[in-house]
Amino acid sequence: MVLFELVLLALGLIPLGFLALFVIAQLYPYPRRNAVEYAIRERRKYKPEGEGDKFDSLLHGNAKELKDLQVSEAKCYLSVVVPAMNEEERLPIMLNECLEYLQKREKDDKNFTYEVIVVDDGSSDRTCDVAYGYSEKGFNLSVYKLEKNAGKGGAIRNGVFCARGEYILFADADGATKFSDFLKLEEVLKTEEQDVKTGQNEQNRGQKEIVVVGSRAHLEKDSISERSLLRTILMIGFHCLVYVFAVRSVRDTQCGFKLFSRKAAAFLFPRIHVERWAFDVELLYISEVTKISVHEVSVQWHEVDGSKLAPLWTSIEMGRDILLIWMVRKVKQEMMEVDEERDAYLEDRLYMEPEISFNTFDMRFPKDVDQYLNRIEAKVISEQEEGMELVFDLVHVEAPVANALRRVLLAEVPTMAIEKIYLYQNTSVIPDEVLCHRIGLLPVKADPRKFDFPSKPFVPISDGVEVTEEPEGNENEHIILEVNVKCTTNKDSEKGEKDPEKAFHNYKLYSGQFDWIPIGNQAKTFKKNHLSMVHDDIIVAKLRPGQEVEARCHCVKGIGRDHAKFSPVCTATYRLLPEIILKSEVTGEKAERLQTCFSKGVIELEEKKGKKVAKVVDARRDTCSRNVFRYEDLKDLVELRKKKDHFIFSVESTGALTSRELVKEACKVIREKAHNLHSLFDQKLNALSEKQA
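Have a look at this one:
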């Protein structure tokens, strides 16, 4: 009976719990922001008087989606972010310990540089001025002031977006964690970064996605943790909630001492929603699901008086956050979207090495057709004045789609071409069949969209190939071009003239000497668009006095799949957009040698502090020769890759239509194929349904 009453009590508490969560959600709603704009917005350093300098930004770029933002180059070794609200008394203790360690480390290690960013989270006391005082003492410390309280997660998030370090550490302002334990976190992170081949991590610093979490979970014997009884009880309950609904790989998610590689921070912080006490849980949850490397390291910690945290109320608020994280990620399947976004962020590049290329195959397929179509972009890069050559970018499509467009351009966009030649006279030295082949490949300037495909075989063929009479032709299907040229002696030329151009008339038979013979109403229909050969200066044959060529050519509509003469393009090619990443600064003689390894205009040298520094100016020009891999001292300084969903198309028309029109016609052909396939599926399914009925 008692058990039954307990069950009823528990069931009664469930709706009360959800009601409490709803009330808290109304009191403390989540901020609604554009994630891209928030990540790259301008932030300025605090100054008591006037406007401070602008902070650098972790991310940059003109993009609509987070995955298209670029990670800015690091400018120091370590960034320390310290969130603080009304901490004018406790903050100096923490900063003294922190800066003492950083200054000593900088003095002992010439490669170590640091910055400290104190984020004032809407304090009502002198926290801002206390922190600013350290910068006036010569420490590399900056202050960012939030006018309104954003919560601990919001403060850290703002600080991280300003960070310049290869590694980014956030530490609580109360100094509860011994700052020198940063070394333990750093050792784990650097071990994870080590190159498998060389055992060195210099070229990989900050480039791998790694998170190292300080822990008070007694993972080592020398770990020290001192807490009050109430906080210990609430902590255990909170950890159970976290384990059930969110993170399972980290025992202590709430220790305010976490180290991130620059790349991990750039991926994680723009994607979190929770900005108060449970933001750590969401960070680690995203890391866990998206398979970012997470390590937990024991640190020394002690409880410090003066905490702003109200244990009971904060526990309820954090419980609310965890449940809402779970609901957002699980019920709305947002985590799946983040996972796919991360896959694109990491896997949409093809990586090149001296002899092979990696990550060439891609199994990521979009689940929503409308979303996929809305992402596709096409941008014209250059177009010849006459429209015969076109270069354009096709972005966010897979290789099969791009290749389908290329193949349709080559073989399935129709044009008009010579199908039959009625050769009445040929006394040149060129055999009849060779002459007819040459004439048959001349491109015809006629809009194929104004003609129909042949409705019947052009010339009936029985047992032989002789034709007794030339047919008249159909004005909707045919074009007739006629040539009648005879070479004669130029009586006005000087005696003994050896130059045939001067000695003879019609010494060369040009494509421009073919005349259009209108059929039916064609003269009226094509009055403004005279039908002819595309080019007038193609040499068909060379003649001598007395030699002549007389022929009538019948043109029909066809596609390149039937014969190459119908192909509307000279070339239709694509290549992937190259990317060249300089892993570290290349200067002096190395920079000059690096420049010679790439196509002209890819690498430029700029003067920087009296030395030449290599800079990637236009990777698009690169032909991907991989010459840089020939040099042992250069090959590890550069990463060559290509964007797998960014295609650079080059289309050159034969002249019947402009390249731009050809691309449009190719898209129409692909659309028609898709409609036909859809229709065939419908017919098959209907047939199966009728059969089962």
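Quick note: the sequence shown uses the numbering used here, first residue 1, plus one each step. Glycine is no exception: its CB is placed at the ideal position from the N, C-alpha and C atoms. For clarity, every value in this text was computed on a predicted model and none was experimentally measured.
Task: Cβ shell of GLU97 (< 7 Å), same chain only, five flanking positions each side left out - done: Closer than 7 Å at the Cβ level, and outside the excluded window around GLU97, lie GLY175, PHE179.
Task: Cross-strand partners of SER215 (DSSP beta bridge) - done: SER298
TODO: Return yes when the Cβ of ASN86 is within less than 8 Å of the Cβ of THR127, no when it is not.
DONE: yes
TODO: Below 6 Å CB to CB, which residues in the same chain sit around LEU219 once its five sequence neighbours on both sides are set aside?
DONE: For LEU219, the predicted model reports a pLDDT of 42, less than 50, meaning its position is unreliable and no value from the coordinates is stated.
Open item on the list: When you compare the stretch 423-439 with the stretch 671-689, are there three or more beta-carbon pairs, one atom per stretch, that lie closer than 8 Å?
Closed with: no
- [ ] Return helix, strand or coil for SER57, following the three-state DSSP convention.
- [x] coil
Task: Start and end residues, alpha helix (DSSP H) containing PRO400 - done: 399-411
- [ ] State the CB to CB distance for the pair TYR77 and PHE112, rounded to an integer number of angstroms; the pair is presumed to be in contact (CB under 8 Å).
- [x] 5 Å
Open item on the list: Please report the straight-line C-alpha distance between LEU576 and GLU377, rounded to a whole angstrom.
Closed with: 15 Å
Task: Closest residue to LYS289 among HIS273, GLU303, LEU268, ASP108 (Cα-Cα distance) - done: The identity of residue 289 in the sequence shown is Val, whereas the question assumes Lys. The option with the nearest alpha carbon to VAL289 is LEU268.
TODO: With a 10 Å radius around its C-beta and 16 neighbouring C-beta atoms as the bar for buried, classify LEU441 as buried or exposed.
DONE: Looking at its Cβ environment, which holds fewer than 16 other Cβ atoms inside 10 Å, LEU441 is exposed.
Task: Close Cβ partners of GLY52 (< 7 Å) along its chain, the five nearest in sequence each way excluded - done: ARG44, LYS45, TYR46
- [ ] Let me know the secondary structure DSSP gives LYS612 once reduced to three states.
- [x] strand
TODO: Return the CA-CA distance between SER532 and LEU637, expressed in angstroms with no decimal places.
DONE: 57 Å
- [ ] Can you grab the Cα-Cα spacing for the pair GLU419 / VAL556, in whole Å?
- [x] 6 Å
- [ ] Identify whether CYS570 lies in helix, strand or coil by the three-state DSSP scheme.
- [x] Strand at CYS570.
Open item on the list: Going residue by residue through the stretch 505-577, where are the continuous beta strand (DSSP E) segments of at least 3 residues, counting only ones entirely within it?
Closed with: 508-510, 515-517, 539-542, 548-558
- [ ] Can you give me the Cβ contacts of ASP108 inside the same chain, cut-off strictly under 7 Å, excluding the 5 residues immediately before and after it?
- [x] none
TODO: Look at the Cβ atom of PRO568, then the Cβ atom of THR415, and state whether they are nearer than 8 Å.
DONE: yes
Open item on the list: DSSP has PRO83 in a bridge; who is on the other side?
Closed with: VAL119
TODO: Evaluate ILE479 with the Cβ neighbour count: other Cβ atoms within 10 Å of its Cβ, from every protein chain shown; 16 or more gives buried, anything less gives exposed.
DONE: buried
Open item on the list: So, for ARG349: in the same chain, excluding its five sequence neighbours on each side, which residues have a beta-carbon less than 8 Å away from its beta-carbon?
Closed with: ASN359, GLU579, ARG641, LYS642, LYS643, LYS644
Open item on the list: Quick check on LEU688: buried or exposed, where buried means 16 or more other Cβ atoms within 10 Å of its Cβ?
Closed with: exposed
Task: For ASP432, the three-state DSSP class (helix, strand or coil) - done: helix
- [ ] Taking only the alpha-carbon atoms, compute the straight-line gap between ILE117 and TYR144 and give it to the nearest angstrom.
- [x] 7 Å
- [ ] Measure from the alpha carbon of GLU42 to the alpha carbon of each residue in VAL651, LEU59, TRP301, GLU49, then state which is nearest.
- [x] LEU59
Task: Cβ-Cβ separation, GLU136 to SER79 (assumed contact under 8 Å), whole Å - done: Contact doesn't hold; Cβ gap of about 20 Å is too wide.
Task: Other residues of its chain near GLN493: CB distance less than 6 Å, five sequence neighbours each side excluded - done: Note that residue 493 is Ser in the sequence shown here, rather than Gln. Same-chain partners within the cutoff: LYS502, ALA503.
Task: Status (buried if at least 16 other CB within 10 Å, exposed otherwise) for PHE453 - done: exposed
Task: Touching by the beta-carbon criterion (3+ pairs, under 8 Å), the stretch 394-407 and the stretch 526-543 - done: no
- [ ] State the start and end residues of the unbroken alpha helix (DSSP H) segment that holds LYS694.
- [x] It is not possible to answer for residue 694, since the shown part of the chain is limited to 1 through 693.
Open item on the list: So, with DSSP's three-state summary, where would you put GLU106?
Closed with: helix
Open item on the list: Tell me the rounded alpha-carbon separation between VAL483 and PHE647.
Closed with: 44 Å
Open item on the list: Just to confirm the assignment, what range does the beta strand (DSSP E) spanning HIS646 have?
Closed with: In the DSSP annotation of this structure, the continuous segment of the beta strand (DSSP E) that includes HIS646 starts and ends at 638-653.
Task: Complete runs of the beta strand (DSSP E) confined to the stretch 111-178 [at least 3 residues] - done: 114-121, 141-146, 165-171
TODO: Spell out the partners DSSP gives LYS445 in its beta bridges.
DONE: In the DSSP output, where bridge partners are listed per residue, LYS445 has SER532.
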